[in-house]
Amino acid sequence: MNTFINNEVFNKKKVTFIMGATRTGQSREIEPDSHFTAEDFYLQAIVYIEKILKNQLVPIIVERSNSYIEKLVEDYVFMFKYKYDSCFIWIDVEQSVLNRRVDMRVDQMVKEDYTNGIRRSIDVPEMDKYLREETNIDGDDESKQMILQASISSIKRNTRMLICNELDKIQRLISETIWSLHHIIATDVCKEDTEEEHDEAWTNTVLQPCLDIVKRFLKNDHNNIIIECM
8 MNTFINNEVF
18 NKKKVTFIMG
28 ATRTGQSREI
38 EPDSHFTAED
48 FYLQAIVYIE
58 KILKNQLVPI
68 IVERSNSYIE
78 KLVEDYVFMF
88 KYKYDSCFIW
98 IDVEQSVLNR
108 RVDMRVDQMV
118 KEDYTNGIRR
128 SIDVPEMDKY
138 LREETNIDGD
148 DESKQMILQA
158 SISSIKRNTR
168 MLICNELDKI
178 QRLISETIWS
188 LHHIIATDVC
198 KEDTEEEHDE
208 AWTNTVLQPC
218 LDIVKRFLKN
228 DHNNIIIECM
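Residue numbers (the working numbering): 8 to 237.
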C-alpha cells in the first residue's frame with residue numbers, strides 16, 4: 008500500500024492504521040524484538056510519524072498487536088487523536104478459516120525444518136517439556152514424539168486463543184473508543200491454492216478496496232494518518 012499511496016506528496020497530516028491479517032514482506036521503519044513493549048512502540052512510532060510527515064508523505068502503521076495501536080492513539084500525553092485524523096482499516100478473516108491457517112503454519116514450521124523449527128520456538132512455554140525431554144538421554148523416541156505432538160497441539164490451541172483475544176480487542180476499541188473502522192473481509196484470499204490465485208484475490212479483495220478507502224480519506228482537508236488493524 009505504501010508504494011501506491013506515497014508516490015504522491017501530501018501537504019497534510021494524515022495517518023492510516025491497518026489492523027488484522029496482513030501479508031509478509033513489508034518494509035518497516037521499526038523492527039521490534041521479543042522485548043518490544045507497547046510503550047517502546049509508542050515512543051518510536053511518534054518519532055517516525057513526524058519524520059515521515061516532514062517529507063510530506065503519509066505514515067502507514069501496520070501492527071498485529073492492537074494494544075500497541077491503542078497505546079499510540081489513545082495516549083493522553085502525545086494527544087495523537089487530537090493532532091491527526093486517522094483512517095482505520097480492519098483486514099479480517101473468518102475465524103474457522105483463520106484457525107486452519109494457524110494449524111497449517113505450525114505444521115509447516117515443523118515439517119520444513121524440524122530441528123530449527125522447534126528451537127526457534129524455544130521461548131514458547133509449550134515447548135519447555137519437549138526441550139527438556141530431548142536432552143534426556145534416557146528418554147525414548149516414542150515418548151519424545153508424544154510430548155512433541157502434545158506441545159504442537161498446545162501451540163495451535165493457544166495461538167487460536169490469542170487471535171480471539173485480538174478480535175475481542177478490536178470490538179472493544181470500536182465500542183469504547185468510538186473508532187470508525189473500515190472492515191475488509193479477506194477470507195477468500197486464504198482459500199486460494201496457487202500463488203497466482205492468491206495474489207489475484209489479494210489484489211481484488213483487499214488491496215484495491217483499501218486503496219480506494221485511503222484515497223477517499225486523503226481527499227479530505229483535515230489532518231489525517233493511516234492505521235492497519237489486525
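Don't be surprised by glycine CBs; every beta carbon is placed ideally from N, CA and C.
DSSP three-state assignment for residue i, whether helix, strand or coil
i      : result
ASP99  : strand
ASP114 : helix
GLU204 : helix
SER187 : coil
LEU218 : helix
SER93  : strand
GLU199 : coil
VAL54  : helix
VAL80  : helix
VAL65  : coil
Buried or exposed by the 16-neighbour rule on C-beta atoms within 10 Å, applied to residue i
i      : result
ASN14  : With a pLDDT of only 48 at ASN14, under the threshold of 50, the placement of this residue in the model should not be trusted, and no figure is reported.
TYR83  : exposed
VAL221 : buried
ASP148 : exposed
ASP40  : Summary for ASP40: the model assigns pLDDT 49, below 50, so the residue's position carries little reliability; its value from the coordinates is reported in the next sentence. Exposed, because fewer than 16 other Cβ atoms sit within 10 Å of the Cβ of ASP40.
LEU50  : exposed
GLN33  : In this predicted model, GLN33 has a pLDDT of only 46, less than 50, meaning its place in the structure is not dependable; the value taken from the coordinates is given anyway. Burial call: exposed.
THR31  : Reliability of the predicted coordinates at THR31 is poor, the pLDDT of 43 falling under 50, and no value is obtained from them.
Proximity of residue i and residue j at Cβ, strictly below 8 Å
i      : j      : result
ILE59  : PRO66  : yes
SER103 : LYS176 : no
SER161 : GLU133 : yes
GLU46  : LYS78  : yes
Minimum C-alpha distance to residue i - residue among the options
i      : options                        : result
CYS94  : VAL213, LEU188, ILE192, LEU218 : LEU188
SER158 : THR210, TYR55, VAL113, ASN172  : VAL113
LYS88  : GLU202, PRO216, THR184         : THR184
ASN106 : ASN211, PHE48, LEU174, ASN62   : LEU174
ILE181 : ASN211, GLN156, ILE96, ILE154  : ILE96
VAL54  : SER72, MET111, PHE85           : PHE85
GLN156 : GLN178, ASN172, VAL117         : VAL117
SER72  : PHE48, LYS61, ASP92            : PHE48
Cβ shell of residue i (< 7 Å), same chain only, five flanking positions each side left out
i      : result
VAL100 : ALA28, ALA193, THR194, CYS197
PRO216 : ILE191
Residues near residue i by beta carbon distance below 6 Å, same chain, minus five either side
i      : result
LYS226 : none
GLU70  : ILE76
GLU202 : none
PHE43  : none
Cβ-based neighbour list, residue i, same chain, cut-off 8 Å, excluding 5 preceding and 5 following
i      : result
VAL109 : LYS163, THR166, ARG167, ILE170
VAL213 : ILE98, ILE191, ALA193, VAL196
HIS205 : VAL196, GLU199
GLU81  : PHE87, LYS88, THR184
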